[in-house]
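Colleague:
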Ligand SMILES: Nc1ncnc2c1ncn2[C@@H]1O[C@H](COP(=O)(O)OP(=O)(O)O)[C@@H](O)[C@H]1O
Ligand SMILES: [Mg+2]
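Numbering (our numbering), first residue to last: 626 to 777.
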């Protein structure tokens, strides 16, 4: 028997929930693109607080993780809130990604090195990166990071 839950992540087994399957499928399809061999898309999810954005992207993540074709990383950037120094953001962001992808040989000390994280020689598989709370970053930090993602 499920319970109603009004805080924290929804657990499909424990809580009543709205399936939102169409939205999850759409986000999944857009990330992967029509032909995953030929690359997917950047998407942004934009909605007010507490409307289920994080939950939906976690569901998308677990759908993708069922395959072995990609590396998938879900990273919440809340911990970089109000950090103005682009080099520090690049360093801390890289540290998290290096941990999650087991890339311990790589060291990223500044925003100039940041692009190396996403190079073909670095990554074993195509990477799908889900960045939660991206808008917590300072505008000039966002501009720098986005410039790197667009290069790839
Ligand atoms: N599909 C869902 N069905 C029912 N409740 C949900 C669902 N998705 C989210 N919630 C509830 O809404 C709250 C906010 O969800 P969350 O994904 O954290 O929103 P956001 O990331 O937009 O702030 C969660 O704590 C959960 O209780
Ligand atoms: Mg959220």
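For every residue, glycine included, the Cβ atom is placed at its ideal position computed from N, Cα and C. In this text the structure is predicted, and so the values were computed from the model without any measurement.
Residues bridged to residue 752 by DSSP?
Modeller: Within the chain shown, numbered from 1, the residue matching residue 752 stands at position 127. Paired residue(s): 696.
Colleague: So what does residue 628 bridge to, in DSSP terms?
Modeller: Position 3 of the chain shown, counted from the first residue, corresponds to residue 628. DSSP lists 640 as partners of residue 628.
Colleague: Using only alpha-carbon positions, find the residue among 768, 747 and 639 that is nearest to residue 730.
Modeller: Counting from 1 along the chain shown, the entry for residue 730 is found at position 105. Ranking the options by Cα distance to residue 730, first place goes to 747.
Colleague: Mind listing, in chain order, the continuous beta strand (DSSP E) runs of no fewer than 3 residues lying wholly within the segment 701-754?
Modeller: The segment 701-754 contains no whole beta strand (DSSP E) run of 3 or more residues.
Colleague: Who pairs with residue 757 in a beta bridge, going by DSSP?
Modeller: Taking the first residue of the chain shown as 1, we reach residue 757 at position 132. Residue 757 pairs with 701.
Colleague: Are there any heavy atoms of ligand 1 lying less than 7 Å away from the beta-carbon of residue 680, as far as the coordinates show?
Modeller: Residue mapping note: residue 680 aligns to position 55 of the chain shown, counting from 1. Yes.
Colleague: Taking the alpha helix (DSSP H) that residue 767 falls in, what are its first and last residues?
Modeller: Here residue 767 refers to the residue found at position 142 of the chain shown. 764-776 is the span of the alpha helix (DSSP H), which, as asked, contains residue 767.
Colleague: If we count Cβ pairs, one from each stretch, closer than 8 Å, do we get three or more for the segment 717-730 versus the segment 636-646?
Modeller: No, the segment 717-730 is not in contact with the segment 636-646.
Colleague: Taking residue 684 as part of the alpha helix (DSSP H), name the residues at either end of that continuous run.
Modeller: Locating residue 684 in the chain shown gives position 59, where the first residue counts as 1. Unbroken alpha helix (DSSP H) run through residue 684: 678-690.
Colleague: Going by beta-carbon coordinates alone, are residue 698 and residue 752 separated by less than 8 Å?
Modeller: Within the chain shown, numbered from 1, the residue matching residue 698 stands at position 73. Within the chain shown, numbered from 1, the residue matching residue 752 stands at position 127. In this structure, residue 752 lies closer than 8 Å to residue 698 by Cβ.
Colleague: For residue 649, name the three-state secondary structure that DSSP assigns.
Modeller: Against the chain shown, residue 649 aligns to sequence position 24. Residue 649: helix per DSSP, three-state reduction.
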